[in-house]
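Visitor: Have a look at this one.
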Amino acid sequence: MTRRKLALFERSLLGPALLDALRKLDPRVQWRNPVMFVVYIGSLLTTVLWGQALAGRGEAPAWFIFNIALWLWFTVLFANLAEALAEGRSKAQAAALRGLKQTVWARRLADPADRQRSTRVRADELRRADVVLVEAGDYVPADGEVIQGAASVDESAITGESAPVIRESGGDFSAVTGGTRVLSDWIIVRVTVNPGETFLDRMIAMVEGARRQKTPNEIALTILLVALTLVFLLATATLLPYSLYSVAMTRLGAPITITALIALLVCLIPTTIGALLSAIGVAGMSRMLQANVIATSGRAVEAAGDVDVLLLDKTGTITLGNRQAASFLPAAGISEEELADAAQLASLADETPEGRSIVVLAKQRFSLRERDLAQLKASFVHFSAHTRMSGVNLGERQIRKGAADAIRRQVEGLGHSFPRAVLASVQDVARRGSTPLVVSDGGRVLGIIELKDIVKGGIAERFGELRRMGIKTVMITGDNPLTAAAIAAEAGVDGFLAEATPEAKLQLIREHQAQGRLVAMTGDGTNDAPALAQADVAVAMNTGTQAAKEAGNMVDLDSNPTKLIEVVETGKQMLMTRGALTTFSIANDVAKYFAIIPAAFVTTYPQLNALNVMHLASPFSAILSAVIFNALIIMVLIPLALKGVRYRPLGAATLLRRNLLVYGLGGVIVPFIGIKLVDLALTMTHLV
């Protein structure tokens, strides 16, 4: 599905987000964010105090209280805007998905065996277990399973891939999605959902950020922020009686004002991360959708960031998916070119990827090309499960290629012996993790074609990055242990499960989870469903069965098994963003101490002026500058919250050091500079 990338502050999003930010001033909405609710209450109180000042009973000048109240309201609005922008991006994506929905008519069958008798109904009238006929040119009316027939289906509206796919009854490619279009032939589909439960409907619901529930990590962080807020609230509350007592004892200055106390409280509580926390979570799900992965919840995205173990299918994930001819190994007395010539002749009619790769390898090595099949009068023998061979007859010549034991029976049946040296080579090839195909010409054994699982380029480096992050990679394959070990060593995975069965996959996941680890895996077949249901992060392929998609908590629309690595990286990025902004939020309190504490108590304790290291113009300017900076920094950090910090494959300890250095030290230094600049601006414009 082609999606236009949305700019961070795109006009089409900013206008509705501003209105939504105003609507979120409802106290019932504000209550959901305890940290910002404290700022909200402070805004109300300072507004009341400003009213008192206008009536001539103010504790401070009316202009000062007004500016404090105004910027506190801005602080709340900026927090609302961050969340509204994140939600707006998700809603825009949901709106794009809704645009794919259209009125579709279906031909419902009373009897699947009778395709001639059907009833025309609207797609939204279909119910689970209804059976429909879909022919070339028709849209699939609802999610379902193909129970008869086979057809080419255009799924580009869902996946973005222009190449059609084959959907047929039986096997792991029987699931069809409502809204896709049949291009050829016909299929009979059993509907598997009720109205409003289609895959497209679920996608729309999933990306509606406004309905997102808080994840466990986010809940834990919220509890920490609330605890810090309560600590600062109690500490700030004690300053008023302390100030009254100090003024009474020293008979100097005036007691601290309620306005100054509110300003101090708002600046000291973790308003920055409190304002951006929800936006970070919504944006994490949005980034997952940009990768063409639908996450059922923010919990799934977060779990991806905490994953310790990745279970990866060998075929299509670690390897290219099809074994390729890698070398020709001739028998004694046979040249490599003679073997290549016979192997190519035996493979000219073989349309399998392995057969085509043999033809290509012979062309590359010896320029064997442009065979005139008509002139050769070739009679091709296609592969069968019974003979386990294929080949070609050229007059009296019988050229065959196949499994070693099958060729051995063929050769010995013709009265010849099978060379021991070739048997030894067969065992060597198998030991390397490759597949040996033996080639014979009548009773002569010519040699071996080595077929290799080609490990994807750069995959070993990706696994190295994951290892540095503390993530263990495990390859899942149906191969024998010898072959699996060879491929695992070449790919650089940390472990493997050979001859994998559904039970073995499930048991492996449970073993890792019993050790306190979070496990992620991909799958597309019904046999993967139990393991997907057990895994903490389960990415189902969109081309897979309905059972697999229902068992997973994510669906990859591109059906790319390697996407699991990207999913983990996106989850890590969300957690890194949250950690970075939390570090920054807590660190930037330091400068505010040096701004507000001296300003609030300097008239009573002149010695505190030594703490005015920023040389702020006046107590009023110091307090107002800190409040303004506190609000503006939220706006500055909104793009970072929505886009996420740059992902780097670092271990937890390295990441912690980096956060402390960049966002911790930065959080200490930036406010000193920012507050001073605001103070200079206020002074130059004579606003204080």
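Quick note on our numbering: the sequence shown kicks off at -1 and runs consecutively.
By construction, the Cβ of each residue, glycine as well, lies at the ideal position given by its N, Cα and C atoms.
Ignoring anything shorter than 3 residues or poking outside the stretch 359 to 440, list the beta strand (DSSP E) runs there in chain order.
Guide: 376 to 379, 387 to 392, 395 to 400 and 433 to 439
Visitor: What would DSSP say about M(-1), mapped onto helix, strand or coil?
Guide: Residue placement at M(-1) is flagged as unreliable, the pLDDT there being 39, under the threshold of 50; a coordinate-derived value is accordingly withheld.
Visitor: DSSP three-state label for K641, please.
Guide: K641: helix per DSSP, three-state reduction.
Visitor: Go to Q571, then tell me how far its alpha helix (DSSP H) extends in each direction, as first and last residue.
Guide: Taken as a continuous stretch (DSSP letters only), the alpha helix (DSSP H) holding Q571 covers K561 to A585.
Visitor: Determine whether the beta carbon atoms of A148 and E133 lie at a separation below 8 Å.
Guide: no
Visitor: Give the DSSP bridge partners of F326, in chain order.
Guide: I447
Visitor: Compute the Euclidean distance between the alpha carbons of A233 and G54, then round it to the nearest angstrom.
Guide: 30 Å
Visitor: Excluding sequence positions up to five away, which residues of its chain have a Cβ less than 6 Å from the Cβ of A549?
Guide: A527, L530 and A531
Visitor: Taking all protein chains shown into account, decide if M34 is buried (16 or more other Cβ within 10 angstroms of its Cβ) or exposed.
Guide: Around the Cβ of M34, a 10 Å sphere holds 16 or more other Cβ atoms; the residue is buried.
Visitor: Relative to the C-alpha of A578, which residue among Q342, I631, Y661 and V565 is closest?
Guide: Y661
Visitor: Can you say whether R406 is buried or exposed, counting buried as having 16 or more other CB atoms within 10 angstroms of its CB?
Guide: buried
Visitor: Quick check on L237: buried or exposed, where buried means 16 or more other Cβ atoms within 10 Å of its Cβ?
Guide: With a threshold of 16 other beta carbon atoms within 10 Å, L237 meets it and is buried.
Visitor: Between V491 and F461, is the Cβ-Cβ spacing less than 8 Å?
Guide: yes
Visitor: How far does the beta strand (DSSP E) with T471 in it extend, from its first residue to its last?
Guide: K470 to I474
Visitor: If you draw a straight line from the C-alpha of K399 to the C-alpha of R321, how long is it?
Guide: 15 Å
Visitor: Please report the straight-line C-alpha distance between I621 and N215, rounded to a whole angstrom.
Guide: 34 Å
Visitor: Specify the secondary structure class of G490 as computed by DSSP and reduced to three states.
Guide: Residue state, collapsed to three classes: coil.
Visitor: By alpha-carbon positions, which one of G455, A302 and I254 ends up nearest to T315?
Guide: G455
Visitor: Select from H414, D426 and T433 the residue whose C-alpha is nearest the C-alpha of A401.
Guide: Nearest option by C-alpha distance: T433.
Visitor: Tell me where the alpha helix (DSSP H) around R460 begins and ends.
Guide: I457 to R466
Visitor: Going by the beta-carbon positions, is the gap between A273 and F76 smaller than 8 Å?
Guide: yes
Visitor: Classify P253: buried if its beta carbon has 16 or more other beta carbons within 10 angstroms, exposed otherwise.
Guide: Flag for P253 reads buried.
Visitor: Report the CB separation of N540 from L555 in whole angstroms; it is logged as a contact under 8 Å.
Guide: About 5 Å separates the CB atoms of N540 and L555; that is less than 8 Å, so the two are in contact.
Visitor: Report back the beta-carbon spacing between D439 and I397 to the nearest angstrom; my notes put them in contact at under 8 Å.
Guide: 5 Å
Visitor: Could you check the C-alpha separation between V144 and S557 for me, to the nearest Å?
Guide: So the two alpha carbons sit approximately 19 Å from each other.
Visitor: For K503, I'd like the list of residues in its chain whose CB is within less than 6 Å of its CB, leaving aside the five on either flank, ordered along the chain.
Guide: A529
Visitor: When you compare only the Cα positions, how much space is there between R21 and E81?
Guide: 12 Å
Visitor: Can you check which of these residues, D122, R106 and P110, is closest to S116 by C-alpha distance?
Guide: Comparing Cα positions, the closest option is R106.
Visitor: Quick one: what's got a C-beta closer than 7 Å to D128's C-beta in the same chain, skipping five residues either side?
Guide: R106 and V189
Visitor: Quick check on the burial criterion: 16 or more other C-beta atoms within 10 angstroms. Buried or exposed for S423?
Guide: buried
Visitor: Nearest by alpha-carbon distance to V566: which of D522, D587 and Y645 is it?
Guide: Checked all of D522, D587 and Y645; the closest Cα to V566 is Y645.
Visitor: Identify, in the order they occur along the chain, each residue of the same chain with its Cβ nearer than 7 Å to the Cβ of R210, setting aside the five sequence neighbours on each side.
Guide: In this prediction, R210 scores a pLDDT of 48, lower than 50, which makes its location untrustworthy; no coordinate-derived value is stated.
Visitor: Tell me, please, which residues DSSP counts as bridged to G142.
Guide: V174 and V189
Visitor: Here's the rule I'm using: 16 or more other beta-carbon atoms within 10 Å means buried, otherwise exposed. How should G158 be labelled?
Guide: Bear in mind that the predicted position of G158 carries a pLDDT of just 49, short of 50, making it too unreliable to give a figure here.
Visitor: Considering only their Cβ atoms, is the gap separating L680 from V686 smaller than 8 Å?
Guide: The beta carbons of V686 and L680 sit closer together than 8 Å.
Visitor: Between T580, V588 and T652, which lies nearest to I271 when the distance is taken from Cα to Cα?
Guide: When only C-alpha atoms are compared, the closest one is T580.
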